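**Q** Heads up: the sequence shown begins at 4 in this note's numbering, then just goes up one per residue. Glycine is no exception: its CB is placed at the ideal position from the N, C-alpha and C atoms. Only a predicted model underlies this, so the values are computations on that prediction, with no experimental measurement involved.
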Amino acid sequence: AIKKAVERENVIKISFENMPVKGEEGSWGQTPEEILTLIRKTEEILSALGIEKEIARGCVGITLDINHALHGVEEEKYGESLRDWFGRLRDYVKAIHIYTPSESSDNFIEKYKLVLGLATEYCPRTRILMESKQNEEITNSVFGITKNVE
Numbered sequence: 004a005i006k007k008a009v010e011r012e013n014v015i016k017i018s019f020e021n022m023p024v025k026g027e028e029g030s031w032g033q034t035p036e037e038i039l040t041l042i043r044k045t046e047e048i049l050s051a052l053g054i055e056k057e058i059a060r061g062c063v064g065i066t067l068d069i070n071h072a073l074h075g076v077e078e079e080k081y082g083e084s085l086r087d088w089f090g091r092l093r094d095y096v097k098a099i100h101i102y103t104p105s106e107s108s109d110n111f112i113e114k115y116k117l118v119l120g121l122a123t124e125y126c127p128r129t130r131i132l133m134e135s136k137q138n139e140e141i142t143n144s145v146f147g148i149t150k151n152v153e
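#1: Which same chain residues end up closer than 7 Å to K179 when comparing Cβ atoms and leaving out the 5 residues on each side of it in sequence?
#2: Mind checking which residues open and close the alpha helix (DSSP H) that includes Y125?
#3: Quick check on DSSP: helix, strand or coil for H74?
#4: Could you pull out every residue in the same chain whose Cβ sits closer than 8 Å to the Cβ of H100, ignoring the five residues on either side in sequence?
#5: Within the same chain, show all residues whose beta-carbon is closer than 8 Å to that of V118, passing over the 5 residues directly before and after it, in chain order.
#6: Report back the beta-carbon spacing between F89 and C126 to the nearest angstrom; my notes put them in contact at under 8 Å.
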């Protein structure tokens, strides 16, 4: 499908999402190294199909799920952990998403500020998306607070 889209000169981007670290045996996609392996293997397959390496590289990346990346990480190590994700995957980050909590908190705002700073440093053209499973009122409230974060 990617090859057909490229041949038709359509822009296509495939983003793998990192998974939360849960310690389950057989789980995969929980580290930057695992995601890079998946991306590079996909690029190799696309190159083998005749897609130029630079075009293949532009087609494949990651949707960096912040809450998955921080799953099981102590709050004081958030910066270190996210810097590792952003630093290793900078050229591949196609989208960033942060889960919308049931209410805004200092923890959420600090996490949001951290992500804004790292995104600006490592991948400034990447969109940050708020993922919400909350009702409309809560989502609007939390989203409204993030609009004023610098």
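**A** Quick answer:
#1: The question about residue 179 has no answer, for the chain in this structure spans 4 to 153.
#2: From DSSP, the alpha helix (DSSP H) with Y125 extends over D109 to Y125.
#3: Three-state result, H74: coil.
#4: Cβ within range, chain order: T66, L67, D68, I69, I131, L132, M133 and E134.
#5: Close CB contacts of V118 within its chain, under the 8 Å cut and outside five residues either way in sequence, are with I69, L85, I99, I101 and I131 (chain order).
#6: A Cβ-Cβ distance of about 7 Å is found for the pair F89 and C126, placing them in contact under the 8 Å criterion.
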